[in-house]
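Beneath this line is the structure, given in structure tokens, with notes to follow.
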Amino acid sequence: MANWITKINGSDNKNTSASGFVANRQAAESAVAVGFKEINYFTYALREASDEEIGIRVTTLLSGVKPKDVVIVQWPMWQSDNRFEQIFIQKLRLIPEVKIAAMVWDVMSWVKDDRERDYTGDYSLRSLNDFDLVIAANRKMAGRMRNEGGVKSPILSMDLSDSLYKGPLREKKVMKKLYFIGSRINQNMVLNYTAQTPFDMIGNASGLDKKNDAITFLGTMPSDDVPFRFDGGFGVVQYAKPVNFKGMQKYGEYNNPLKLSQYLAAGIPVVIGSQMAHAELVKSKNLGIVLDDLNDIDKVLAEMTLEEYQAKLEAVKPWSQAIRTGYFAKRACLEAVRVLKLGKTDSLAEKAVETTVEGKL
């Protein structure tokens with residue numbers, strides 16, 4: 002009996018910069034490190050393909066999966082047509098006694114929509130009931146899936162996402178500085194920032210207006226190059242009012258932002274909003290600052306001593322080590338096998354205790 006995990010292969014740019022692709026590929030790498038095998042697939046042109054043609058492709062992808070195997074499907078599968086996902090699950094169900102888990106990176110209905118409505122019939126949530134187990138980003142997301150999304154499958158919480166990194170890190174010498182990472186810099190965040198603390202933004206900022214000289218655009222860069230950029234300061238996790246995806250600001254209160262993991266992996270504390278899923282973790286473990294208005298940062302940093310900042314840097318260190326080495330994905334994959342093969346339920350989201358990372362893992 003083997004354990005499998007899906008892995009997407011996109012363009013070089015997507016593989017290294019698009020958060021969904023980066024998370025997918027890094028989770029697969031971590032799973033392989035604990036004995037999983039990969040089901041590699043690509044982004045396909047499917048609009049003109051028939052169900053039969055998609056079925057043939059999927060059958061080939063699943064040719065190695067045998068009865069009683071466990072398959073973790075990273076979800077969504079980032080295809081242009083949902084039929085690929087539907088047929089993928091249908092084909093898996095034809096294999097006797099296979100157990101299937103969804104490792105959910107994004108719930109697209111909530112990314113695009115923040116209205117108060119019934120989401121239980123939406124494909125991105127309804128489809129999760131086709132799995133034997135759902136691996137949610139964290140317990141707050143698990144609760145929303147259960148209560149608002151109508152997800153009835155057992156739910157396991159990943160708690161945090163990883164950000165794999167094996168390269169060097171800079172000594173953290175600067176305290177009064179902010180960083181932000183995003184594939185596309187939000188114009189509203191740029192215009193709303195009126196504080197004087199230097200704020201470096203990594204991501205596509207082409208065509209954006211900038212009136213505050215404290216802001217510096219550093220341009221886009223591959224995720225592997227990001228951790229070495231940070232020479233101290235704090236990483237900003239907050240979401241501004243969205244320009245494109247209308248649900249993103251509320252969704253940011255429930256997901257595992259890749260930027261959060263990138264900051265912690267690089268060894269810097271964070272600035273996070275009080276309603277975000279990890280705010281209590283940041284506060285209780287001294288991993289940064291809980292702050293709703295980023296324009297208050299000047300006052301907060303003026304009142305912070307160097308010793309207090311150094312204490313935050315020390316507190317981040319074990320979390321940095323865990324995130325850089327894939328601890329959370331490895332744990333989630335092994336726990337999924339434990340649930341699906343052994344029937345153990347003590348680690349499910351409704352029963353899980355708070356994640357702790359102390360010393361070396």
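Position in the sequence shown (first residue = 1) + 1 = my numbering. Glycine included, every Cβ here is placed at the ideal spot set by N, Cα and C. Since the structure is predicted, the reported quantities are computational estimates derived from the model, not experimental observations.
Option in the options with minimal Cα separation from residue i
i	options	result
Y328	S31, M2 and I9	S31
R339	S64, A102, F218 and Q91	A102
K153	G168, K167 and I136	I136
G233	M159, Y310 and L209	Y310
S128	V108, D115 and E98	V108
Q263	Y166, I216, C334 and L302	Y166
G36	L343, V99, E351 and C334	C334
G248	F132, L126 and K113	K113
S125	E117, W106, D133 and N139	W106
I96	V66, I298, D201 and R145	V66
D293	D115, K342, V271 and A316	V271
R147	T121, D163, N257 and T326	T121
F235	I216, G253 and K177	K177
Residue i (DSSP reduced to helix, strand or coil)
i	result
F148	The question names Phe, but residue 148 is Asn in the sequence shown. In the structure shown, N148 sits in a helix (DSSP, three-state: H, G or I).
N41	strand
M109	helix
M176	strand
I9	strand
V271	strand
G344	coil
D115	coil
V227	coil
F132	coil
Per DSSP, the bridge partner or partners of residue i
i	result
A137	S158
W76	V105
K100	V71
V301	BP columns for V301 are empty, so no partner.
N205	R185
L349	L157
I88	Looking at the DSSP assignment, I88 forms no beta bridge with any residue, so it has no partner.
V23	Answer by DSSP bridge pairing: none, since V23 is not bridged.
F200	L179 and I216
F246	Per DSSP, none; premise fails for F246.
Per-residue burial, residue i [other beta carbons within 10 Å of its own, 16 or more giving buried]
i	result
A93	Reading off the sequence shown, one finds Leu at residue 93, where the question assumed Ala. Buried is the call here.
L288	buried
R332	buried
T346	exposed
Q239	buried
M2	exposed
K286	buried
F132	buried
D201	buried
F43	exposed
S321	buried
Cβ shell of residue i (< 7 Å), same chain only, five flanking positions each side left out
i	result
V291	I273, S275, A280, V283 and K284
P169	F229
S18	S184, T221, P223 and S224
D123	S110
G204	I182, G183, S184, R185, I186 and T221
E149	Y120
Close beta carbons around residue i, own chain, < 8 Å, minus the five adjacent residues each side
i	result
L47	I55, Q80, S81, D82, R84 and F85
S348	L157, E336, R339 and V340
F22	I9, G11, K15, N16 and W79
L209	I186, Q188, V191 and F218
Own chain residues within Cβ distance below 6 Å of residue i, not counting five before or after
i	result
A29	I6, K8 and E39
F89	V59
F181	M202 and V237
K211	V191
Heavy atom of the ligand PLP within 7 Å of residue i beta-carbon
i	result
A330	With respect to the ligand PLP, the structure offers nothing, as it holds no ligand at all.
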